[in-house]
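In the numbering used here, the protein residues as written are 1 to 169.
Heads up, the beta-carbon is just placed ideally off N, CA and C, and yes, glycines get one too.
First comes the structure, then the notes that go with it.
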């Protein structure tokens, strides 16, 4: 049984990853009104009641920089990851192609199933390339959609717990 989950949050720069990571982990002390790029990775730790078994699951949410200069760190970031969240802003021109890059670099590299992945888009859901079609996509607008975002995130966590439990048996 998994008691600690490692979820990696990746995507292009300025996608809003840190804002969403702070919201999902209820970490309001690190909320910044202006853009501040993440240097390498930030690890946010929080707990969730385990719906599969009994007890509590510790979640490590690895908020990863979208800067390709940190690519040398990615193998360490990927190590023992149970799931990946891909995040992008469809209003920024290169983000859709960057999403495919991060899919290949993290999801494909780790050989994860679609059940172990989640796509969060800023402000709207969009049509995505077929390779991403089986991955659940949700709207990441916190102001308009915060409750649903948190609900869908915890459903994703529950799915990872079930998947990890089955994989370990």
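Between residue i and residue j, what straight-line distance do the alpha-carbon atoms span, to the nearest angstrom?
i: residue 43; j: residue 127; result: 30 Å
i: residue 48; j: residue 25; result: 10 Å
i: residue 3; j: residue 57; result: 5 Å
i: residue 147; j: residue 60; result: 21 Å
i: residue 116; j: residue 145; result: 22 Å
i: residue 85; j: residue 55; result: 24 Å
i: residue 87; j: residue 21; result: 11 Å
i: residue 98; j: residue 11; result: 7 Å
i: residue 137; j: residue 96; result: 13 Å
i: residue 125; j: residue 102; result: 18 Å
i: residue 7; j: residue 77; result: 10 Å
So, at 7 Å on beta carbons, what are the nonlocal neighbours of residue i in its own chain, with the 5 sequence-adjacent residues on each side left out?
i: residue 40; result: 65, 70, 73
i: residue 129; result: 100
i: residue 9; result: 17, 21, 61, 62, 63, 64, 85, 87
Identify, in the order they occur along the chain, each residue of the same chain with its Cβ nearer than 8 Å to the Cβ of residue i, setting aside the five sequence neighbours on each side.
i: residue 13; result: 37, 65, 66, 67
i: residue 169; result: At residue 169 the pLDDT is 39, less than 50, meaning the model places this residue with poor confidence; the figure from the coordinates comes in the next sentence. Excluding positions up to five away in sequence, the list is empty.
i: residue 5; result: 57, 58, 59, 60, 82, 83, 157, 160, 161, 164
i: residue 75; result: none
By Cβ distance below 6 Å, which residues in the same chain neighbour residue i in space, the five residues on each side in sequence not counted?
i: residue 23; result: 142
i: residue 45; result: 60
i: residue 27; result: 44
i: residue 135; result: 114, 117, 119
Mark residue i as exposed unless 16 or more other C-beta atoms lie within 10 angstroms of its C-beta, in which case mark it buried.
i: residue 131; result: exposed
i: residue 121; result: buried
i: residue 133; result: exposed
i: residue 89; result: buried
### Task
Report yes or no: do three or more beta-carbon pairs, one from the region 95–112 and one from the region 147–155, lie closer than 8 Å?
The region 95–112 vs the region 147–155: no contact.
### Task
Enumerate, from N- to C-terminal direction, the unbroken alpha helix (DSSP H) stretches of 4 or more residues contained entirely within the region 58–142.
The region 58–142 contains these whole alpha helix (DSSP H) runs: 74–78, 95–102.
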